[in-house]
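Student: In terms of my numbering, the sequence shown opens at residue 1 and continues consecutively.
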Amino acid sequence: MQNQHQRILSLDVGSKTIGLAVTDPLGITAQGLETIRRKNKRTDLAALQAVIQKYDVRELVVGLPLRLSGAEGRQSENAREFAALLEKHFELPVHLWDERLTSVEANRVLRESEMSIRKRAGAVDQLAAVLILQNFLSARQARQEFADEAD
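1. From Val-130 to Glu-91, what distance separates their C-alpha atoms?
2. With 7 angstroms set as the bound, which would you pick, yes or no: does the beta-carbon of Glu-114 sit closer than that to a beta-carbon of chain C?
3. So is Thr-175 buried or exposed if we call it buried at 16+ other beta carbons inside 10 Å?
4. Could you tell me whether the Cβ atoms of Val-22 and Leu-11 are closer together than 7 angstroms?
5. Keeping to the same chain, check which residues put their C-beta closer than 6 angstroms to that of Ile-28; ignore five residues upstream and five downstream.
6. Mind pulling the alpha helix (DSSP H) runs of 4 or more residues that sit fully within the stretch 88 to 122?
7. Using three-state DSSP, classify Leu-131 as helix, strand or coil.
8. Between which two residues does the alpha helix (DSSP H) holding Arg-47 run?
9. Report the three-state DSSP secondary structure of Arg-58 (helix, strand or coil).
10. Cutting at 7 angstroms between CB atoms, please list the residues of its own chain near Asn-3, excluding the five before and the five after it.
11. Given that a residue counts as buried once 16 or more other Cβ atoms are within 10 Å of its Cβ, and exposed if not, what is Val-158?
12. Rounded to a whole number of angstroms, what is the C-alpha to C-alpha distance between Pro-93 and Leu-86?
13. What does Gln-31 pair with, by DSSP beta-bridge criteria?
14. Only counting the same chain, and skipping five residues up and downstream in sequence, which positions put a Cβ closer than 7 angstroms to that of Ser-76?
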């Protein structure tokens, strides 16, 4: 288990927006944050800096958009480049996480919630970031439990 205040921030990076989610102070659950509208690298990094400082973030998780086959494409390359920029700029550990189907799942959940289409569009990026972070946390917990059993 993580120490208190060791928060993790996840990013669902798109060409126009960055969906965000952060763990609670104990690192157990993920909560969506307001989506960042992208302008340029400088303003994107400044907006992320404000979030990182506000929540005392210690790790970043960036969604890696793979094709259904698992192959990487141009979007994956963009995500890797952005993750490298974040690691260099913020000097924090950055994890890439397979985000296949998170946007599909986010859209399904929001459709079932009967949210209006306009509100849904704004919430998809945020919910995708929550799903990325929740999946990352679940996998980390499972690895920890497996390691504990092996000892």
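A virtual CB, placed ideally from N, CA and C, is assigned to each residue, including glycine. The structure displayed is predicted, hence computed values, not measured ones.
Tutor: Let me lay it out:
1. 23 angstroms
2. Here there is only one protein chain, and chain C is not present.
3. The structure shown does not extend to residue 175, since the chain spans only 1 to 151, so no value can be given for it.
4. no
5. none
6. 102 to 112
7. helix
8. In the sequence on display, residue 47 carries Ala and not Arg. Residues 41 to 55.
9. strand
10. Any reading at Asn-3 must be qualified, since the residue scores a pLDDT of 46, below 50, and its modelled position is unreliable; no value is offered.
11. In this structure the chain extends from 1 to 151, so residue 158 is not present and cannot be described.
12. 9 angstroms
13. Val-22
14. Leu-64, Pro-65, Leu-66
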